[in-house]
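The listed protein sequences correspond, in order, to chains A and B. Going by the working numbering, the letters in the first sequence line up with residues 1 to 248, in that order. Going by the working numbering, the letters in the second sequence line up with residues 1001 to 1248, in that order.
Protein chains: 2
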Amino acid sequence: MTYCVGMLIDAGLIMMADTRTNAGIDNVSTFKKMHIFEGKDRFISVATAGNLSVTQATLSKLEEGIKNPETEEIETLETVPTMFRAAELVGKVLRSTQLQIKAGYEAEGVSFGATMLLGGRIGDEPLKLFLIYDVGNSISCGRETPYLQIGELKYGKPILDRALTSETPFNEAVKLGLISFDSTMRSNLAVGLPIDIVMLRNIPNSKPAFYRVERTDPYFQTLSREWGIKLREAQASIPRPPFVSPLE
Amino acid sequence: MTYCVGMLIDAGLIMMADTRTNAGIDNVSTFKKMHIFEGKDRFISVATAGNLSVTQATLSKLEEGIKNPETEEIETLETVPTMFRAAELVGKVLRSTQLQIKAGYEAEGVSFGATMLLGGRIGDEPLKLFLIYDVGNSISCGRETPYLQIGELKYGKPILDRALTSETPFNEAVKLGLISFDSTMRSNLAVGLPIDIVMLRNIPNSKPAFYRVERTDPYFQTLSREWGIKLREAQASIPRPPFVSPLE
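Written out as structure tokens, the structure reads:
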């Protein structure tokens, strides 16, 4: 299982992915579910969920490049001119990878679904964040709901729905993301530490920052413990329902 | 969509169901997704989720009764000797209902899944709570995880995982259930008020109590508002991550 969340707020782009499923060898980046493509005018981060052979094959094909039938040129994430075209390229490759293995997997009754988050910036474009479905289509993150999730998303969604807005400060948003992961990891043991974080401020020419929350991370341990204590306090402070008679 | 939760704690049995899907006509009880079977030595409550034609047909067949091939007698929830046998009977009827319509639904690509919670007491038995899967099998609620859920269950699971234990007082458990519903309704609009609640204390010969949380219920409005405020306070009280540098 996997949980990944991307947040696109006024202050910048934050992407987080757990690492519990071992993604095996990966020749694209140093992250297990977070894959980085960097060039002189671009920074692109791809987080993956779902069937590992599908996501790995997709990433390998993206690295090798896809021939554009109109221009005869080889397209990669290093050559696409915009983030939207990057999302289209990833979607196209994801779809073709799935179609290749569809017949075999369906016969076996095995799930071969896969979804991806694609975030980053090309040239002077604003920061962008997309969720790419396995049919190849994608949705773009907007200001109204400034986050997108893939994988085991429901346990960690309520805190984001309640607290995250486009105006949330950058480090507050990172904190909310970690609370979202904490809730997810408590309810689904298949999502676990370490958590990989990619952070890109919404400032021209800003450099990405990377952080890995390890199992022993003192900040995350504090956050997890404090959040549990505060939730219990919040729960205790709410009066009990008056309609429950003492004994019936 | 539906969300139902059953809690079996030392203090008693609590079952809650939302009502947003209109269950249409229902000749078993006055509740939409909560169906009550009462007899002189028993109280049985069934909460349903999934394909409405399947759950309705199952309940109608349960009311009419099923002939036991061994004894030739007609079995209903009014005649079964134990809660376990009640769970078996419901599972058998649910399974046979599904098999009847399976071919047609599969051809149409429509979901015909259905699950049920069955709780209550027969005679001097302890209170019991079962989750019945559509294959006809069931699991029984135990002390370690004293609740079972069906339908849209993930949004409301973290609060139960954190706070509910077998020792939780009865009215505190009702409160936790309502917080669980509040989180679910915020993240999935297809789950909504009113919420039907069935409460049965773990006291010999205790009578069941019923409550419907209407849209205008002042207690639930307070709970929902206070919980949101307390969550924001809890979130604000946790320090921000030290690894996010002010600007990078």
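Glycine is no exception: its CB is placed at the ideal position from the N, C-alpha and C atoms. Keep in mind that this is a model prediction, so the values were computed, not measured.
First and last residue of the uninterrupted beta strand (DSSP E) at residue i
i: Ala173/A; result: That residue, Ala173/A, is in no beta strand (DSSP E); its alpha helix (DSSP H) goes Phe170 to Ser187.
i: Phe37/A; result: Met34 to Gly39
i: Thr1115/B; result: Ala1114 to Ile1122
i: Ala209/A; result: Ala209 to Val213
i: Val1191/B; result: Premise fails: Val1191/B is in no beta strand (DSSP E) and is neither H nor E.
i: Lys1128/B; result: Lys1128 to Ile1132
i: Ser1140/B; result: Ser1138 to Ser1140
Separation of residue j from residue i, as counted between CA atoms
i: Val1198/B; j: Ile1179/B; result: 16 Å
i: Ala57/A; j: Leu1077/B; result: 54 Å
i: Lys61/A; j: Asp217/A; result: 35 Å
i: Ala1238/B; j: Glu63/A; result: Strictly speaking, residue 1238/B in this sequence is Ile, with Ala absent from that position. Ile1238/B and Glu63/A: Cα-Cα distance of roughly 41 Å.
i: Thr55/A; j: Thr48/A; result: 6 Å
i: Phe1170/B; j: Thr222/A; result: 31 Å
i: Pro126/A; j: Gly6/A; result: 15 Å
i: Val1174/B; j: Phe243/A; result: 10 Å
i: Glu1172/B; j: Pro241/A; result: 8 Å
i: Pro1194/B; j: Tyr1211/B; result: 10 Å
i: Asp1161/B; j: Arg1215/B; result: 27 Å
i: Arg121/A; j: Lys40/A; result: 11 Å
i: Pro1069/B; j: Ser1053/B; result: 26 Å
i: Met1/A; j: Val213/A; result: 18 Å
i: Leu1200/B; j: Leu1008/B; result: 10 Å
i: Glu1144/B; j: Ser1166/B; result: 7 Å
i: Lys204/A; j: Val46/A; result: The residue asked about is misnamed: residue 204/A is Pro in this sequence, not Lys. So the two alpha carbons sit approximately 21 Å from each other.
i: Gly1012/B; j: Tyr1219/B; result: 22 Å
i: Gly1050/B; j: Gly1192/B; result: 16 Å
i: Lys157/A; j: Trp1227/B; result: 16 Å
i: Asn22/A; j: Thr168/A; result: Residue placement at Asn22/A is flagged as unreliable, the pLDDT there being 47, under the threshold of 50; the coordinate-derived value follows with that caveat. Their backbone Cα atoms lie some 32 Å apart in a straight line.
i: Cys141/A; j: Ser1111/B; result: 30 Å
Reduced DSSP category for residue i - H, G, I as helix; E, B as strand; rest coil
i: Glu73/A; result: coil
i: Ala234/A; result: helix
i: Ala1017/B; result: strand
i: Val28/A; result: Low confidence applies here, because Val28/A scores a pLDDT of 40, under 50, leaving its location unreliable and the question unanswered by this model.
i: Asp161/A; result: helix
i: Ala11/A; result: coil
i: Ile1229/B; result: helix
i: Arg1095/B; result: helix
i: Ile101/A; result: helix
i: Arg1085/B; result: helix
i: Lys67/A; result: strand
i: Leu1200/B; result: strand
i: Tyr1155/B; result: coil
i: Val1135/B; result: coil
i: Val1080/B; result: coil
Start-to-end residues for the alpha helix (DSSP H) that takes in residue i
i: Thr48/A; result: Element bounds for Thr48/A: not the alpha helix (DSSP H) but the beta strand (DSSP E), Arg42 to Gly50.
i: Ser245/A; result: First-last for Ser245/A: undefined, no H or E at that position.
Neighbour flag for residue i against chain A, beta carbons, 8 Å
i: Tyr1053/B; result: Note on identity: in this sequence residue 1053/B is Ser, with Tyr being the wrong assignment. Not an interface residue.
i: Gln1235/B; result: yes
i: Ser1187/B; result: yes
i: Glu1172/B; result: yes
i: Lys1102/B; result: no
i: Glu1226/B; result: yes
i: Met1007/B; result: no
i: Ile1044/B; result: no
i: Ile1132/B; result: no
i: Leu1178/B; result: yes
i: Ile1238/B; result: yes
i: Met1034/B; result: no
Proximity test, Cβ basis, 8 Å: residue i and chain B
i: Tyr3/A; result: no
i: Leu193/A; result: no
i: Lys157/A; result: yes
i: Met116/A; result: no
i: Phe243/A; result: yes
i: Leu231/A; result: yes
i: Asp41/A; result: no
i: Ser166/A; result: no
i: Ala17/A; result: no
i: Leu223/A; result: yes
i: Arg162/A; result: yes
Distance cut-off 7 Å: residue i Cβ against heavy atoms of the ligand GTP
i: Glu75/A; result: Only the bare structure without any ligand can be found here, which leaves the ligand GTP out of the picture.
Legend entry - Contact the region 118-136 of chain A vs the region 76-96 of chain A: 3+ CB pairs below 8 Å: Between the region 118-136 of chain A and the region 76-96 of chain A there are three or more C-beta pairs closer than 8 Å, enough to call the two in contact.
Legend entry - Cβ contact (3+ pairs, closer than 8 Å) linking the region 185-192 of chain A and the region 71-87 of chain A: no
Legend entry - Stretch-stretch touch, CB-based, cutoff 8 Å, three pairs: the region 1146-1156 of chain B with the region 1061-1078 of chain B: no
Inset, instruction - Check whether the region 1225-1234 of chain B touches the region 214-234 of chain A, taking contact to mean three or more Cβ pairs, one atom from each stretch, closer than 8 Å. - result: Contact annotation: the region 1225-1234 of chain B touches the region 214-234 of chain A, with at least three C-beta pairs closer than 8 Å.
Inset, instruction - Evaluate the contact criterion for the region 3-23 of chain A versus the region 31-42 of chain A: three or more CB pairs, one atom per stretch, below 8 Å. - result: yes
Legend entry - Within 8 Å of chain C by C-beta, residues of the region 141-154 of chain A in sequence order: The structure shown contains no chain C; its protein chains are A and B.
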